[in-house]
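Trainee:
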Amino acid sequence: MGNIPSEEDWGEYWKDLDQKSAYGSFFGRSNEQLQSQFHKDGIELVYEIRFMPKRVFDYYVLGLRDFIISGDFPDHEAADFSSYFLDMVIYLLEHDPQMISSRIKDLNPALKYVADNQKIYNAPVDIYGDFSEKFIKIKKLCKLNKLD
1 MGNIPSEEDW GEYWKDLDQK SAYGSFFGRS NEQLQSQFHK DGIELVYEIR FMPKRVFDYY
61 VLGLRDFIIS GDFPDHEAAD FSSYFLDMVI YLLEHDPQMI SSRIKDLNPA LKYVADNQKI
121 YNAPVDIYGD FSEKFIKIKK LCKLNKLD
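Numbering (the numbering used here), first residue to last: 1 to 148.
This is how it looks when you write it as structure tokens:
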């Protein structure tokens, strides 16, 4: 998964409140160390990943992927984590495709797994939307952005 992002990789994080928060939560930690932190601090950490500088995002999004696939979170949070994972990828493909361009192929198997296993994540379609449809949208956005 590469090296833990350096201070230089974070750039001028203090100029952006979201990046500053992410820095406080993630800086100096390996993806392995963060697995228990994801479990403890929940969706807030997942949310912060979206606002990281690209080189930092490239590292930590793989830790998020591993966390989502592990299923190592309380049942009542499974739907939120899995839905946010799909929604984060859609958001980035729509608004900042370069941010996710170098990692989309690494994420695709996990995205497909989540989409194919919506019931495992206890995510009712009427509340969280259809994960299969979200995955189809991701594939279309990848094609549109020439990331497939």
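From the three backbone atoms N, C-alpha and C, an ideal C-beta is built for every residue, glycine too. Predicted, not measured: the structure shown is a model, and the values here were computed from it.
Please say whether Tyr59 and Pro5 have beta carbons closer to each other than 7 Å?
Mentor: Yes, the Cβ-Cβ distance between Pro5 and Tyr59 is below 7 Å.
Trainee: Who are the Cβ neighbours of Lys137 in its own chain at under 7 Å, not counting the five residues just before and after it?
Mentor: Contacts found: Ile90.
Trainee: With DSSP run on the structure shown, which of helix, strand or coil describes Asn117?
Mentor: Asn117: coil per DSSP, three-state reduction.
Trainee: So Trp10 is in the alpha helix (DSSP H); what residue range does that whole segment cover?
Mentor: First-last of the alpha helix (DSSP H) with Trp10: Glu7 to Trp10.
Trainee: Among residues of its own chain, excluding the 5 on either side of Ala88, which ones have a beta-carbon nearer than 6 Å to its beta-carbon?
Mentor: Note that residue 88 is Met in the sequence shown here, rather than Ala. Only Arg50 meet the Cβ criterion.
Trainee: Buried or exposed, going by whether 16 or more other CB atoms sit within 10 Å of the CB of Ser83?
Mentor: With 16 or more other Cβ atoms within 10 Å, it is buried.
Trainee: Can you say whether Gly28 is buried or exposed, counting buried as having 16 or more other CB atoms within 10 angstroms of its CB?
Mentor: By the 10 Å Cβ count, Gly28 comes out exposed.
Trainee: Using a 10 Å radius around the Cβ and a threshold of 16 neighbouring Cβ atoms, would you call Gln118 buried or exposed?
Mentor: With 16 or more other Cβ atoms within 10 Å, it is buried.
Trainee: Near Lys54, which residues of its chain fall below 6 Å by C-beta distance, leaving aside the five closest residues on each side in sequence?
Mentor: Within the same chain, Lys54 has close Cβ partners Met99.
Trainee: Whole alpha helix (DSSP H) runs in the stretch 78-148 with 4 or more residues, listed along the chain?
Mentor: Counting only runs of 4 or more, we get 97-100, 104-116, 125-128 and 131-144.
Trainee: Given this structure, state the Cα-to-Cα distance separating Phe131 from Tyr121, to the nearest angstrom.
Mentor: If you take the alpha carbons of Phe131 and Tyr121, they lie about 10 Å apart.
Trainee: Do Leu111 and Phe135 count as a contact pair if the criterion is CB distance below 7 Å?
Mentor: Yes, the pair counts as a contact, with Cβ atoms nearer than the cut-off.
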